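Here the protein sequences come in this chain order: S and G.
The first sequence runs 1 to 416 under the working numbering.
The second sequence runs 417 to 506 under the working numbering.
Data first, discussion second: the structure below is written as structure tokens.
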Amino acid sequence: MRYSGFRLFSEGMTGNRGWRPVWRDPEPKPEYDVIIIGGGGHGLATAYYLAREHGLRNVAVLEKGYLGGGNVGRNTTIVRANYFLPGNSEFYSHSLKLWEGLAQELNFNVMHSQRGLINLFHSDGQRDAFARRGNAMINQGDDAILLDREGVREILPYLDFDNARFPIHGGLYHPRGGTARHDAVAWGYARGADARGVDLVQNCEVTGIDISNGRVTGVQTTRGAIRARKVGIVVAGRSGQVAAMAGMRLPIESHILQAFVTEGLKPVIDHVVSFGMGHFYISQSDKGGLVFGGDLDFHASYAQRGNLPMAEHVMEAGMALMPMIGKARVLRSWGGIMDMTPDGSPIIDRTAIEGLHVNCGWCYGGFKAVPGSGFSFAHLLATGRHHAPAARFRLDRFARGDLIDEEGTGSQHNLH
Amino acid sequence: MRITCPLCGARDRREFHYMGDAVYLDRPDPVAPAVAWDDYLHLRDNPAGETRDLWFHEAGCGAWLVVTRNTVSHDVLSVALADGIRGGAG
Ligand SMILES: Cc1cc2nc3c(=O)[nH]c(=O)nc-3n(C[C@H](O)[C@H](O)[C@H](O)COP(=O)(O)OP(=O)(O)OC[C@H]3O[C@@H](n4cnc5c(N)ncnc54)[C@H](O)[C@@H]3O)c2cc1C
Ligand SMILES: [Zn+2]
Numbered sequence: 001m002r003y004s005g006f007r008l009f010s011e012g013m014t015g016n017r018g019w020r021p022v023w024r025d026p027e028p029k030p031e032y033d034v035i036i037i038g039g040g041g042h043g044l045a046t047a048y049y050l051a052r053e054h055g056l057r058n059v060a061v062l063e064k065g066y067l068g069g070g071n072v073g074r075n076t077t078i079v080r081a082n083y084f085l086p087g088n089s090e091f092y093s094h095s096l097k098l099w100e101g102l103a104q105e106l107n108f109n110v111m112h113s114q115r116g117l118i119n120l121f122h123s124d125g126q127r128d129a130f131a132r133r134g135n136a137m138i139n140q141g142d143d144a145i146l147l148d149r150e151g152v153r154e155i156l157p158y159l160d161f162d163n164a165r166f167p168i169h170g171g172l173y174h175p176r177g178g179t180a181r182h183d184a185v186a187w188g189y190a191r192g193a194d195a196r197g198v199d200l201v202q203n204c205e206v207t208g209i210d211i212s213n214g215r216v217t218g219v220q221t222t223r224g225a226i227r228a229r230k231v232g233i234v235v236a237g238r239s240g241q242v243a244a245m246a247g248m249r250l251p252i253e254s255h256i257l258q259a260f261v262t263e264g265l266k267p268v269i270d271h272v273v274s275f276g277m278g279h280f281y282i283s284q285s286d287k288g289g290l291v292f293g294g295d296l297d298f299h300a301s302y303a304q305r306g307n308l309p310m311a312e313h314v315m316e317a318g319m320a321l322m323p324m325i326g327k328a329r330v331l332r333s334w335g336g337i338m339d340m341t342p343d344g345s346p347i348i349d350r351t352a353i354e355g356l357h358v359n360c361g362w363c364y365g366g367f368k369a370v371p372g373s374g375f376s377f378a379h380l381l382a383t384g385r386h387h388a389p390a391a392r393f394r395l396d397r398f399a400r401g402d403l404i405d406e407e408g409t410g411s412q413h414n415l416h
Numbered sequence: 417m418r419i420t421c422p423l424c425g426a427r428d429r430r431e432f433h434y435m436g437d438a439v440y441l442d443r444p445d446p447v448a449p450a451v452a453w454d455d456y457l458h459l460r461d462n463p464a465g466e467t468r469d470l471w472f473h474e475a476g477c478g479a480w481l482v483v484t485r486n487t488v489s490h491d492v493l494s495v496a497l498a499d500g501i502r503g504g505a506g
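Pasting the structure below:
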């Protein structure tokens, strides 16, 4: 069933009686060529590209809850390609290019809105660092513009430029950065994968991983055993627990990240604004809510809800940056479990167990990565070779000391 | 979340700085093989449930503490001075 303006119009004229569920609810088969554990953004995108790029259709996505009920449906939806280090730079650049054609490709409105992202800076040293980052982005073929204070004032007149501790000196403007509709991305990939024959199996928790002679042979689930010679673990904050089923320990510690949304307002914030020194970032959703967040709660947690100290800190930072925000009323706050690595960069790799692959460690930046991660992970699963843009996201880089520490904060999981 | 410092009593979580799993107390020998350092610095059990981690009473007495707590409920189960404790299995 294709979506189009005409279709919407004709359904509207006939009482909307023609809409049908857009994916099946299949029983799991006893065996698949590839099993993807986890029906979040990355798992669904992987299944889609396995079918679409590699013709692998005998594929299942096993999801313990419902599709898109994890972090893909809880994040603050920022999509950008403003990374600096080799490894990250080419990967996020590729992912952003996939985003730019995604709604057309999936025939699903993912509401990708390239409204521009501004990262603020507050000192000469920070200006130098951002100029260098901007040059790296341009060298990668992406876009970056260094704004001075007046340049920022022109597009973000509502900021407090004279904050005593962090006066605004300028910003790095990334015009192709922006936001997208989180649920739509999950649903669009789910629909596209299902249409190509992928079984999306919900309420199916993986409880064990079967290994014989060093090779994966299938998984145990709450809906029975399922065989497969290739298995991909794509479970975000639960990566450590699922890997433990295969006897593995990962370089991951799970942490909570909170987010907040206000009541719907008329358009007031037209860009994504990031105030790194205050640990605060914000955008306005198409419904009008101000969507904002800050940093991790900083201690390992699976609670999926935040603590008040960080909520208070985020509100304070928001007030310091844009005092007008004090008039908005917060509607909701929530938290998600982040798979934090010791260098802040992800892992897309095989494991020591033949046929078993992992895709994890997205920390709090994995939403923008969904298309690129799915594309590169599908490539690895289907061909056995690393896809060039993701080739540095190796599991063994930690043991080799070859970390990709984008923020330069050192090898401690909660500092990225 | 409140943490009861053995020296200062029950205090707000904001007074404390979290470092990570208590395995940080088991620093390998400087000449230990790379796998030992990888294990120490990077790999984690990352349990959903009871865990032991290292906190610093930054805005209090300045002691390093080993806190046993639950990562799902955020309950703090016990707190001890890190001085003299080994990390990991202990
Ligand atoms: C508050 C918040 C704000 C964020 N903001 C941004 C942002 O602005 N930009 C950005 O790029 N990123 C952001 N992120 C990060 C991003 O959301 C994640 O990195 C990304 O969604 C993780 O990948 P995923 O979508 O596959 O995860 P998920 O959607 O969590 O998918 C994992 C799935 O695995 C399932 N699962 C777990 N265990 C099992 C099992 N045993 N068996 C079967 N299924 C299982 C889970 O139920 C879940 O559905 C944010 C995250 C949070 C929480
Ligand atoms: Zn104390």
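Each residue gets a CB set at the ideal place from its N, CA and C atoms; glycine is no exception.
For clarity, every value in this text was computed on a predicted model and none was experimentally measured.
Three-state secondary structure (DSSP) of residue i
i	result
Trp232 of chain S	It is Gly, not Trp, that sits at residue 232 of chain S in the sequence shown. It is a strand residue.
Ala60 of chain S	strand
Gly506 of chain G	With a pLDDT of 42 at Gly506 of chain G, under the threshold of 50, the modelled position of that residue is not reliable, and no figure is offered here.
His255 of chain S	strand
Ile501 of chain G	coil
Val22 of chain S	coil
Ser411 of chain S	coil
His54 of chain S	helix
Ala352 of chain S	coil
Leu493 of chain G	strand
Asp148 of chain S	strand
Met340 of chain S	strand
Gln220 of chain S	strand
Arg394 of chain S	coil
Phe292 of chain S	strand
His112 of chain S	coil
is_contact[residue i, chain S] using C-beta, thresh 8 Å
i	result
Ala479 of chain G	no
Val492 of chain G	no
Gly506 of chain G	The predicted model places Gly506 of chain G with a pLDDT of 42, which falls under 50 and marks its position as unreliable; any figure quoted below should be read in that light. Answer no: the Cβ-Cβ gap between Gly506 of chain G and chain S never drops below 8 Å.
Leu375 of chain G	This structure does not reach residue 375 of chain G, given that chain G is present from 417 up to 506, and the question cannot be answered.
His458 of chain G	yes
Ala450 of chain G	yes
Arg429 of chain G	yes
Gly476 of chain G	no
Gly500 of chain G	no
Val495 of chain G	no
Tyr434 of chain G	yes
Ala438 of chain G	no
Residue i vs residue j beta-carbon contact at 8 Å
i	j	result
Ala317 of chain S	Phe280 of chain S	yes
Pro389 of chain S	Glu90 of chain S	yes
Leu456 of chain S	Val216 of chain S	A query on residue 456 of chain S cannot be resolved here, the shown segment of chain S reaching from 1 to 416 and no further.
Ser411 of chain S	His458 of chain G	yes
Tyr32 of chain S	Asn16 of chain S	no
Ala464 of chain G	Gln202 of chain S	no
Ser254 of chain S	Asp124 of chain S	no
Val234 of chain S	Thr221 of chain S	no
Leu470 of chain G	Pro422 of chain G	no
Gly43 of chain S	Val61 of chain S	yes
Residues that DSSP places opposite residue i in a beta bridge
i	result
Cys421 of chain G	G:Gly425
Ile35 of chain S	S:Ala60, S:Val231
Ala129 of chain S	The partner list for Ala129 of chain S (beta bridge, DSSP) is empty, contrary to what the question assumes.
Ser333 of chain S	S:Phe260
Gly178 of chain S	S:Val79
Glu466 of chain G	G:Asn486
Phe280 of chain S	S:Phe275
Arg17 of chain S	BP columns for Arg17 of chain S are empty, so no partner.
Asp210 of chain S	S:Gly218
Min CB distance residue i to chain A below 8 Å
i	result
Thr487 of chain G	Protein chains S and G are contained in the structure displayed, whereas chain A is not.
Within-8 Å CB hit, residue i to chain G
i	result
Gly361 of chain S	no
Tyr364 of chain S	no
Phe298 of chain S	yes
Glu406 of chain S	no
Leu257 of chain S	no
Glu253 of chain S	yes
Leu250 of chain S	yes
Asn414 of chain S	yes
Asn307 of chain S	yes
Phe398 of chain S	yes
Pro342 of chain S	yes
Any non-hydrogen atom of ligand 3 within 7 Å of residue i CB
i	result
His42 of chain S	Absent from the structure shown: ligand 3. Ligands present: ligand 1 and ligand 2.
Query - Contact shell at 6 Å, judged by CB to any heavy atom of ligand 2, ordered along the chain - result: G:Cys421, G:Leu423, G:Cys424, G:His473, G:Gly476, G:Cys477, G:Ala479
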